[in-house]
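Student:
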Ligand SMILES: [Zn+2]
């Protein structure tokens, strides 16, 4: 079968690899019908050290179940399923608490040697716990929005939850990538009264406004902080969604939050240390977040997609086949594409 392998910064290849197959009795194999390139894939695309083995890529998918192991009880061949970016056993304490990304058996697709979804097929560990069956055909119009449940919508929602977004609150979203835009969708959905998007790509902040953002702040650093203060009566935002992962964006998040406010951070941190420790302490800020348990949030978010209340699939602005994946990475890195869908 064919799959996407990254061999170093800027070096993404689509190659013939061994077919995906069942290994453990709790496995399933899916045929990937829809996958994506993620903003987080751009970090290794920019900086990965050359590797002879390479890393299989892709952690967001919808697929059709092809085969199941002997201990699989709920997942059945032929089902259309969402594959969240982490696998999880579905049975441990963390899974029962809805924090599948901390499952005692958790792992991340397309990471650390684990195979990825930018491929024709993929082995799914703990398939009963990991996969989310959908009662739909595999070619319906809302498939792009359903695909966001595998990562970016759940991740934006996770930021909003940890930022304590709610009715009457002012939310500020840092980052105009797909996760930031989904953070706007989530903040709107949770009742935020004012939503400020911090981003400087006009086509993206336009979409953010269509998703419910009330204000756009294109400035950065000190100027961005001043602008948010102006927009919030000098007090700052109750809820800040940090959807980038750089030290500068976290610093901005801390400085635009009002005293007693909360920051939900979902941008994968690119530094070992977090800035703003003293500022966060003296402002009584709550800082939370991490890898989103996308699997847990599907129950809550799926009905809104099926009923047409939200349309997060609008973040996709390019569709490629497997041969188009390397060009898709480059287009996202060059900010020519917001989010690329892959149809293997
Ligand atoms: Zn678990």
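Numbering (this note's numbering), first residue to last: 2 to 345.
Don't be surprised by glycine CBs; every beta carbon is placed ideally from N, CA and C.
Note that the structure is predicted; figures quoted are calculated from it, not measured.
Below 8 Å, how does it come out for the region 136 to 152 and the region 95 to 106: are there three or more Cβ pairs, yes or no?
Tutor: Under the three-pair Cβ rule at 8 Å, the region 136 to 152 does not count as touching the region 95 to 106.
Student: DSSP has residue 37 in a bridge; who is on the other side?
Tutor: 342
Student: When we look at the beta-carbon of residue 283 and count the other beta-carbons within 10 Å, is it buried (16 or more) or exposed?
Tutor: exposed
Student: Only counting runs of 3 or more residues, tell me where the beta strand (DSSP E) segments fall wholly within the region 167 to 233, in order along the chain.
Tutor: 171 to 175, 195 to 199 and 216 to 218
Student: State buried or exposed for residue 349, treating a residue as buried only when at least 16 other CB atoms are found within 10 Å of its CB.
Tutor: Since the first residue shown for the chain is 2 and the last is 345, residue 349 is missing from the structure and cannot be characterised.
Student: Along the alpha helix (DSSP H) that carries residue 94, what are the first and last residues, could you check?
Tutor: 94 to 97
Student: What's the gap between the Cα of residue 201 and the Cα of residue 43?
Tutor: 18 Å
Student: Since residue 160 is in the alpha helix (DSSP H), which residue starts that stretch and which ends it?
Tutor: 153 to 163 is the extent of the alpha helix (DSSP H) around residue 160.
Student: According to DSSP, is residue 300 part of a helix, a strand, or is it coil?
Tutor: helix
Student: Taking Cβ positions, are residue 341 and residue 334 nearer each other than 8 Å?
Tutor: Result no, Cβ atoms of residue 341 and residue 334 do not sit closer than 8 Å.
Student: DSSP beta-bridge partners for residue 69?
Tutor: Here residue 69 is bridged, per DSSP, to 29.
Student: Restricting to Cα atoms, I'd like to know which of 196, 327, 162 and 124 is closest to residue 70.
Tutor: 124
Student: Note the first and the last residue of the continuous beta strand (DSSP E) segment covering residue 265.
Tutor: 258 to 266
Student: Helix, strand or coil for residue 3, going by three-state DSSP, please let me know.
Tutor: Look at residue 3 here: in three-state DSSP terms it is strand.
Student: Identify every run of the beta strand (DSSP E) within the region 76 to 116, keeping only runs that are complete inside it and at least 3 residues long; order them along the chain.
Tutor: 81 to 84
Student: What number of angstroms, rounded off, separates the C-alpha of residue 55 from the C-alpha of residue 33?
Tutor: 21 Å
Student: Please identify the residue among 339, 9, 344 and 7 whose C-alpha is closest to the C-alpha of residue 183.
Tutor: 339
Student: For residue 135, write down the residues that DSSP places opposite it in a beta bridge.
Tutor: 81
Student: Whose C-beta lies closer than 7 Å to the C-beta of residue 75 among residues of the same chain, with five residues either side of it excluded?
Tutor: Excluding residues within five positions, the ones whose Cβ falls inside 7 Å are 129.
Student: Which residues in the same chain as residue 237 place their Cβ atom closer than 7 Å to its Cβ, once the five residues preceding and following it in sequence are excluded?
Tutor: 229, 230, 257, 258, 259 and 262
Student: Counting C-beta neighbours from all protein chains within 10 Å, is the total for residue 14 16 or more, i.e. buried, or is it exposed?
Tutor: exposed
Student: Whose beta carbon lies closer than 7 Å to any heavy atom of ligand 1, going through the chain in order?
Tutor: Counting every residue whose Cβ lies closer than 7 Å to a heavy atom of ligand 1, we get 89, 90, 91, 92, 93, 95, 96, 101, 104, 105, 106, 107 and 130.
Student: Whole angstroms are fine: how far does the CA of residue 325 sit from the CA of residue 206?
Tutor: 26 Å
Student: Within this structure, are the beta carbons of residue 133 and residue 83 separated by less than 8 Å?
Tutor: For residue 133 and residue 83, yes; Cβs fall inside 8 Å.
Student: For residue 233, which residues of its own chain have a beta-carbon under 6 Å away from its beta-carbon, when the five flanking residues on both sides are left out?
Tutor: 171
Student: Taking only three categories from DSSP, how would you classify residue 59?
Tutor: coil
Student: Using only the alpha-carbon positions, how far apart do residue 214 and residue 192 sit?
Tutor: 12 Å
Student: Using 8 Å as the Cβ pair cut-off and three pairs as the minimum, do the region 314 to 323 and the region 280 to 300 touch?
Tutor: no
Student: Just to confirm my understanding: we take residue 25, look at its own chain, exclude 5 residues before and 5 after, and list those with CB closer than 7 Å. What are they?
Tutor: Once the five neighbours on either side are set aside, the close Cβ partners of residue 25 are 70 and 126.
Student: Check residue 147 in the structure and name its three-state DSSP category.
Tutor: helix
Student: Measure the C-alpha to C-alpha separation of residue 304 and residue 52 and round it to an integer number of angstroms.
Tutor: Distance between the alpha carbons of residue 304 and residue 52: 42 Å.
Student: Can you tell me which of the three DSSP states residue 124 falls into?
Tutor: strand
Student: How about residue 5 and residue 49: are their beta carbons less than 8 Å apart?
Tutor: no
Student: Distance check for residue 46 and residue 12, CA to CA, integer angstroms please.
Tutor: Going by the C-alpha atoms only, they are around 7 Å apart.
Student: For residue 255 and residue 280, which I take to be in contact (beta-carbon distance under 8 Å), what is that distance rounded to the nearest angstrom?
Tutor: 5 Å
Student: Measuring CA to CA, which of 221, 322, 86 and 312 is closest to residue 212?
Tutor: 312
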